[in-house]
DNA sequence: GATAGTGGATAGTGTCACTATCGCCACCCT
DNA sequence: AGGGTGGCGATAGTGACACTATCCACTATC
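Here you go:
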């Protein structure tokens with residue numbers, strides 16, 4: 001265990017915690033107080049750390065999703081199960097109670113419906129993604145940045161292109177467990193990476209469009225240093 | 230205050246909490262125990278809720294980023310300040326200590342460098358995004374899904390296209406505070422939406438490619454119901 | 001003048017990820 | 001053989017965090 005801790009950089013008590021929580025299988029016991037951990041354990045431990053720290057999953061979500069990944073299903077179902085077990089980035093609330101008596105209630109779900117139809121996407125009726133998207137759209141609308149299906153289509157097309165890249169990554173793999181694990185990694189760990197890429201691209205695009213005339217509206221209070229820091 | 234609570238759906242003690250934490254400006258006091266809250270307060274409160282619940286920001290991060298947004302800068306600097314104040318999705322660690330004596334140390338930062346150069350992006354040297362991206366790539370490599378600059382280029386191009394859409398949203402706005410707030414909303418709240426769109430597109434793409442022959446490798450233990458959970 | 005409800009302060013609650021400690025017992029070395 | 005070393009398992013604790021409950025003084029309103 002000390003070797004596992006040393007090689008992973010995870011403190012021993014934390015490893016014990018993960019064992020207790022069922023995120024790690026116990027090692028092969030060589031004695032009543034001695035156990036051997038294989039290379040698999042190291043891989044798994046690193047995966048757990050990546051999912052919790054980077055992916056921001058709770059330990060409960062991590063356990064769930066790792067259990068789901070253990071099941072050898074096809075590529076299609078694996079993704080579905082993964083998405084269901086993740087149930088983030090937004091906890092789906094099925095569009096119920098609105099604080100004010102406004103009509104904000106089911107406008108979002110309808111918009112989601114319309115978008116899915118317009119894109120010609122195959123998304124199961126029970127998929128938690130529908131609710132998650134609706135929640136996100138509702139929040140955007142509440143802060144005055146409402147998006148309808150029309151405005152979302154370009155974004156959805158880019159998402160589709162991204163998804164094609166993702167699925168290409170899974171194409172070469174044959175073993176179903178490996179597929180599942182890779183799908184999980186792709187879905188969860190690529191998300192912050194993609195978000196960061198988007199932010200970088202935003203900075204670049206803003207520089208390209210506005211850097212020269214940064215003080216266009218009202219000048220006077222500009223700081224030095226550009227976008228950094 | 231009770232009206233503010235009623236209209237926003239946020240309980241009064243929580244509003245008090247936000248006031249105490251400086252996320253909300255106090256209302257205009259009409260008496261020693263009475264205050265009036267304008268429409269602005271409602272907007273702000275909704276924004277805070279959206280950032281914390283959907284965007285997953287801590288109240289400290291929310292306060293920071295809202296303070297930054299209060300400064301009337303240009304579009305370019307506004308985005309930079311926003312990104313700096315966010316400092317998520319990944320806390321940047323500048324690539325130091327590796328658990329094992331491996332060469333994993335600075336490979337990621339070099340890869341980031343290469344990608345930025347290859348894309349021709351303008352990203353300031355001090356931008357926290359560089360570190361964040363490096364951290365993400367390192368995590369991916371640690372779980373056996375290493376990406377180099379070459380593999381990332383297609384993703385980066387899609388991110389660039391997304392960023393162009395984003396910046397188009399800001400084009401029409403003139404007031405600098407509004408720009409800042411909109412930029413914040415775009416960056417933070419669109420992230421879960423885009424992530425959800427990507428997952429939806431993944432499900433669709435997986436269905437398109439694999440749904441018919443879901444039991445291709447080894448059949449037998451397939452559940453009914455497809456991808457929905 | 002009774003009631004309701006606000007503002008402000010203090011302290012408490014629940015959750016969550018992680019960690020310190022303790023007794024036990026195998027292993028190793030002499 | 002026997003004692004030191006140190007891993008193992010379980011229990012309980014720590015600290016951070018986001019709220020939330022309670023209390024009190026006071027004022028607007030009925």
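Protein chains in written order, with my numbering: chain H, 1 to 229; chain B, 230 to 458.
Yeah, the Cβ is synthetic: ideal placement off N, Cα and C, and Gly gets one too.
Where the beta strand (DSSP E) containing residue 292/B begins and where it ends
Taking the first residue of the second chain as 1, we reach residue 292/B at position 63. DSSP places residue 292/B in no beta strand (DSSP E) but in the uninterrupted alpha helix (DSSP H) bounded by 288–299.
Is there a Cβ from chain H that is less than 8 Å from the Cβ of residue 267/B?
Here residue 267/B refers to the residue found at position 38 when the second chain is read from its first residue. Not one chain H Cβ lies under 8 Å of residue 267/B.
DSSP-derived helix/strand/coil call for residue 75/H:
What you label residue 75/H is simply residue 75 of the first chain in a count that begins at 1. Looking at residue 75/H - three-state DSSP - the assignment turns out to be helix.
Cβ neighbours of residue 331/B in the same chain (closer than 8 Å, five flanking residues each side left out)
Looking up residue 331/B in the second chain gives position 102. Note on residue 331/B: pLDDT 40, under 50, position unreliable in the model; the coordinate value appears next. Within the same chain, no Cβ atom closer than 8 Å to the Cβ of residue 331/B is found once the five residues on either side in sequence are excluded.
Does the distance from the C-beta atom of residue 366/B to that of residue 193/H stay below 8 Å?
Reading the second chain from its first residue, position 137 is the one you call residue 366/B. Reading the first chain from its first residue, position 193 is the one you call residue 193/H. Between residue 366/B and residue 193/H, the C-beta spacing is below 8 Å.
If the cut is a Cβ gap below 8 Å, which residues of chain H does residue 394/B touch?
Residue numbering aside, residue 394/B sits at position 165 when the second chain is read from its first letter. Chain H residues near residue 394/B: 154, 155, 158.
Neighbour list for residue 30/H in chain B, Cβ cutoff strictly below 8 Å:
For the purposes of this step, residue 30/H is identified with residue 30 of the first chain, where counting begins at 1. Per Cβ cutoff of 8 Å: no residues; residue 30/H is ~23 Å from chain B at best.
With DSSP run on the structure shown, which of helix, strand or coil describes residue 389/B?
For the purposes of this step, residue 389/B is identified with residue 160 of the second chain, where counting begins at 1. Residue state, collapsed to three classes: helix.
What span of residues does the beta strand (DSSP E) with residue 145/H cover, start to end?
Locating residue 145/H in the first chain gives position 145, where the first residue counts as 1. Counting along the chain, residue 145/H falls outside any beta strand (DSSP E), and DSSP gives it neither H nor E.
So residue 361/B contacts chain H; which residues on that side make the cut at Cβ distance below 7 Å?
On the second chain, position 132 is the one that residue 361/B refers to. Close partners of residue 361/B in chain H (Cβ separation under 7 Å): 196.
Counted within 10 angstroms of its Cβ, other Cβ atoms place residue 240/B as buried (16 or more) or exposed
Residue mapping note: residue 240/B aligns to position 11 of the second chain, counting from 1. Burial state of residue 240/B is exposed, judged by a 10 Å Cβ sphere holding fewer than 16 other Cβ atoms.
Given a cut-off of 8 Å, decide if residue 170/H and residue 182/H are closer than it, judged by their beta-carbon atoms.
Position 182 of the first chain holds residue 182/H. Position 170 of the first chain holds residue 170/H. Going by C-beta atoms, residue 182/H is nearer than 8 Å to residue 170/H.
Tell me, please, whether the region 367–382 of chain B touches the region 266–283 of chain B by the rule of three or more beta-carbon pairs shorter than 8 Å.
No contact exists between the region 367–382 of chain B and the region 266–283 of chain B.
Taking DSSP as the reference, what is the three-state secondary structure of residue 196/H?
On the first chain, residue 196/H is found 196 positions in, with the first residue counted as 1. It is helical.
Residue 130/H and residue 123/H closer than 8 Å at C-beta:
Residue mapping note: residue 130/H aligns to position 130 of the first chain, counting from 1. Residue mapping note: residue 123/H aligns to position 123 of the first chain, counting from 1. Their beta carbons are under 8 Å apart, which means residue 130/H touches residue 123/H by this criterion.
Residue 25/H, buried or exposed, once every other Cβ within 10 Å from all chains shown has been counted against 16:
Within the first chain, residue 25/H is the residue found at index 25, counting from 1. With fewer than 16 other Cβ atoms within 10 Å, it is exposed.
Neighbour list for residue 18/H in chain B, Cβ cutoff strictly below 8 Å
Within the first chain, residue 18/H is the residue found at index 18, counting from 1. Chain order gives no chain B residues near residue 18/H, where near means a beta carbon separation below 8 Å; the closest approach is about 15 Å.
Of the listed residues 173/H, 53/H, 59/H, nearest to residue 75/H (C-alpha basis):
Mapped onto the first chain, residue 75/H falls at position 75. Scanning 173/H, 53/H, 59/H for the CA closest to the CA of residue 75/H turns up 173/H.
Is the CB-CB distance between residue 431/B and residue 62/H below 8 Å?
For the purposes of this step, residue 431/B is taken as residue 202 along the second chain, with counting starting at 1. For the purposes of this step, residue 62/H is taken as residue 62 along the first chain, with counting starting at 1. With a cutoff of 8 Å on beta-carbon distance, residue 431/B and residue 62/H are scored as not near each other.
Going along the chain, which residues of its own chain have a beta-carbon closer than 7 Å to the beta-carbon of residue 283/B, five neighbours each way excluded?
As a working note, residue 283/B is residue 54 in the second chain. Cβ contact annotation for residue 283/B (same chain, cutoff 7 Å, sequence separation greater than five): 418, 421, in chain order.
From the beta carbon of residue 431/B, is the nearest beta carbon of chain H less than 8 Å away?
Walking along the second chain from the start, residue 431/B turns up at place 202. In terms of beta-carbon proximity, residue 431/B lines the interface with chain H, with at least one pair separated by less than 8 Å.
Grouping DSSP H, G and I as helix and E and B as strand, with all else coil, what is residue 440/B?
Taking the second chain and counting its residues from 1, the one referred to as residue 440/B is at position 211. If DSSP states are grouped into helix, strand and coil, residue 440/B belongs with coil.
What is the C-beta distance between residue 315/B and residue 294/B, in whole angstroms, given that I count them as a contact (C-beta under 8 Å)?
As a first step, residue 315/B must be located in the second chain, where it is residue number 86. As a first step, residue 294/B must be located in the second chain, where it is residue number 65. For residue 315/B against residue 294/B, the beta-carbon gap comes to about 6 Å, under 8 Å, which counts as contact.
Among residues of its own chain, excluding the 5 on either side of residue 438/B, which ones have a beta-carbon nearer than 8 Å to its beta-carbon?
Here the question's residue 438/B lines up with position 209 in the second chain. Within the same chain, residue 438/B has no close Cβ partners at all.
Starting from residue 44/H and walking both ways along the alpha helix (DSSP H), at which residues does that stretch end?
If you number the first chain from 1, residue 44/H lands on position 44. For residue 44/H, the uninterrupted alpha helix (DSSP H) run begins and ends at 39–49, by DSSP.
Counting only beta-carbon atoms, is residue 64/H nearer than 8 Å to chain B?
In the first chain, residue 64/H corresponds to position 64, counting from 1. It does not: the Cβ of residue 64/H has no partner Cβ on chain B nearer than 8 Å.
Residue 243/B versus residue 60/H: straight-line alpha-carbon distance, rounded
One-based indexing of the second chain puts residue 243/B at position 14. One-based indexing of the first chain puts residue 60/H at position 60. Spanning the alpha carbons of residue 243/B and residue 60/H requires a straight line of approximately 27 Å.
Length of the line joining the Cα atoms of residue 52/H and residue 19/H
Residue 52/H sits at position 52 when you count from the first residue of the first chain. Residue 19/H sits at position 19 when you count from the first residue of the first chain. Their backbone Cα atoms lie some 15 Å apart in a straight line.
Could you tell me the boundaries of the alpha helix (DSSP H) in which residue 243/B lies?
Here residue 243/B refers to the residue found at position 14 of the second chain. Residues 241–249.
Residue 33/H burial status per 10 Å Cβ neighbour count (16 or more: buried)
Position 33 of the first chain holds residue 33/H. In summary, residue 33/H is exposed, with fewer than 16 beta-carbon neighbours lying within 10 Å of its beta-carbon over all protein chains present.
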